[in-house]
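Shown next, in structure tokens, is the structure this report addresses.
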Amino acid sequence: ETGVTQSPTHLIKTRGQQVTLRCSSQSGHNTVSWYQQALGQGPQFIFQYYREEENGRGNFPPRFSGLQFPNYSSELNVNALELDDSALYLCASSFGDGRGDQPQHFGDGTRLSIL
Amino acid sequence: AQSVTQPDIHITVSEGASLELRCNYSYGATPYLFWYVQSPGQGLQLLLKYFSGDTLVQGIKGFEAEFKRSQSSFNLRKPSVHWSDAAEYFCAVGARGSYIPTFGRGTSLIVHP
Numbered sequence: 252e253t254g255v256t257q258s259p260t261h262l263i264k265t266r267g268q269q270v271t272l273r274c275s276s277q278s279g280h281n282t283v284s285w286y287q288q289a290l291g292q293g294p295q296f297i298f299q300y301y302r303e304e305e306n307g308r309g310n311f312p313p314r315f316s317g318l319q320f321p322n323y324s325s326e327l328n329v330n331a332l333e334l335d336d337s338a339l340y341l342c343a344s345s346f347g348d349g350r351g352d353q354p355q356h357f358g359d360g361t362r363l364s365i366l
Numbered sequence: 667a668q669s670v671t672q673p674d675i676h677i678t679v680s681e682g683a684s685l686e687l688r689c690n691y692s693y694g695a696t697p698y699l700f701w702y703v704q705s706p707g708q709g710l711q712l713l714l715k716y717f718s719g720d721t722l723v724q725g726i727k728g729f730e731a732e733f734k735r736s737q738s739s740f741n742l743r744k745p746s747v748h749w750s751d752a753a754e755y756f757c758a759v760g761a762r763g764s765y766i767p768t769f770g771r772g773t774s775l776i777v778h779p
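Line by line, the protein sequences give chains A and B.
So the first sequence is numbered by our numbering: it starts at 252 and just counts up by one.
So the second sequence is numbered by our numbering: it starts at 667 and just counts up by one.
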């Protein structure tokens, strides 16, 4: 069974740039969620994708966007990067329709640093 | 909207001692409750979950948690801590019918030999 994999592991960008982070969900999983984890904080829910559509979103601006592909892999795109976007970005997959009762399996994250 | 409070930022215990990590939640009905563990440089691993039924939940790695509705708590316990348990622990709550889980800010567990 293949777990959740994220790429790249680390990334350095400058303010104003755009970034794309990638996630391959665990085999058999059809739902993908993205989280932002700032240093010393818990993960903050960004959004969730189910059947290639966004079906839940946290308190993040529209410059945070995503995609889910037919093979259930996913991308997180962030435009106009700001210093506060520096964080660990976690992807989590689960099986079901994305309701809150489904345990999620997390990848190891992408560490994004904004200079 | 639901919320989670983990009142202890750091907990230090000796190896072999018992452990209890506190978690309090705010939600108008019975929530879904989770505990996750995060080792340095890694993602989160699910330790256990509560949906309904028996309020004492058994998880992996010898952990258990008890749901107490009257106290709005879901504390994590382990009878004997191992050095490998040193990590960050997160409590999370999911609202029934909602797609948005809420995590606490975490408790860092330090284990002394």
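All C-beta atoms in this analysis are idealised placements derived from N, C-alpha and C, irrespective of residue type, glycine included.
Quick check on residue i - is its C-beta less than 8 Å from some C-beta in chain B?
| i | result |
| --- | --- |
| A/Pro294 | yes |
| A/Gly267 | no |
| A/Asp335 | no |
Using the DSSP secondary-structure output, state which residues sit across from residue i in a beta bridge.
| i | result |
| --- | --- |
| A/Arg308 | A/Phe298 |
| A/Val329 | A/Val270 and A/Phe315 |
| B/Val777 | B/Val679 |
| B/Gln704 | B/Leu710 and B/Glu754 |
| A/Cys342 | A/Trp285 |
| B/Ala731 | B/Val723 and B/Leu742 |
Write down the C-beta distance between residue i and residue j rounded to the nearest angstrom, noting that I regard them as a contact closer than 8 Å.
| i | j | result |
| --- | --- | --- |
| B/Phe769 | A/Gly293 | 4 Å |
| B/Ala761 | B/Leu775 | Wrong, their Cβ atoms sit about 27 Å apart, outside the cutoff. |
| A/Glu326 | A/Leu318 | 5 Å |
| A/Val270 | A/Ser344 | Between A/Ser344 and A/Val270 the Cβ distance is about 21 Å, and since that is not below 8 Å, they are no contact. |
| A/Gln299 | A/Thr282 | 6 Å |
| B/Ser750 | B/Arg688 | Between B/Arg688 and B/Ser750 the Cβ distance is about 22 Å, and since that is not below 8 Å, they are no contact. |
| B/Val777 | B/Glu681 | 6 Å |
Any C-beta of chain A sitting closer than 8 Å to the C-beta of residue i?
| i | result |
| --- | --- |
| B/Gln737 | no |
| B/Phe729 | no |
| B/Pro767 | yes |
| B/Leu710 | yes |
| B/Phe733 | no |
| B/Phe740 | no |
Among the candidates the options, whose CA atom is the shortest distance from the CA of residue i?
| i | options | result |
| --- | --- | --- |
| A/Pro368 | A/Leu341, A/Ser337, A/Ser325 and A/Ala331 | A question about residue 368 of chain A goes unanswered here, because the residues of chain A that appear run from 252 up to 366. |
| A/Trp285 | A/Ile263, A/Val329 and A/Lys264 | A/Val329 |
| B/Asp720 | B/Leu713, B/Ala731 and B/Gln711 | B/Ala731 |
| A/Gly358 | B/Val703, B/Phe717 and B/Ile726 | B/Val703 |
| A/Asn322 | A/Tyr301, A/Asp336 and A/Ser316 | A/Tyr301 |
| B/Ile726 | B/Leu742, B/Pro767, B/Gln737 and B/Leu714 | B/Leu714 |
| A/Arg273 | A/Asp348, A/His356, A/Leu334 and A/Ser258 | A/Ser258 |
| B/Pro745 | B/Ala683, B/Gln672, B/Pro673 and B/Ile677 | B/Ala683 |
Run down chain A in chain order and give the residues with a C-beta less than 7 Å from the C-beta of residue i.
| i | result |
| --- | --- |
| B/Lys715 | Pro354 |
Which chain A residues sit within Cβ distance under 9 Å of residue i?
| i | result |
| --- | --- |
| B/Arg771 | Gly291, Gln292 and Gly293 |
List the residues of chain B that residue i touches, going by C-beta distances under 8 Å, in chain order.
| i | result |
| --- | --- |
| A/Leu341 | Gly709 and Leu710 |
| A/Gly309 | Ile766 |
In chain B, what lies closer than 9 Å to residue i by C-beta?
| i | result |
| --- | --- |
| A/Phe357 | Tyr702, Gln704, Gln708, Gly709, Leu710, Gln711 and Leu712 |
Along chain B, in chain order, which residues have C-beta atoms closer than 7 Å to that of residue i?
| i | result |
| --- | --- |
| A/Gly360 | Gly709 |
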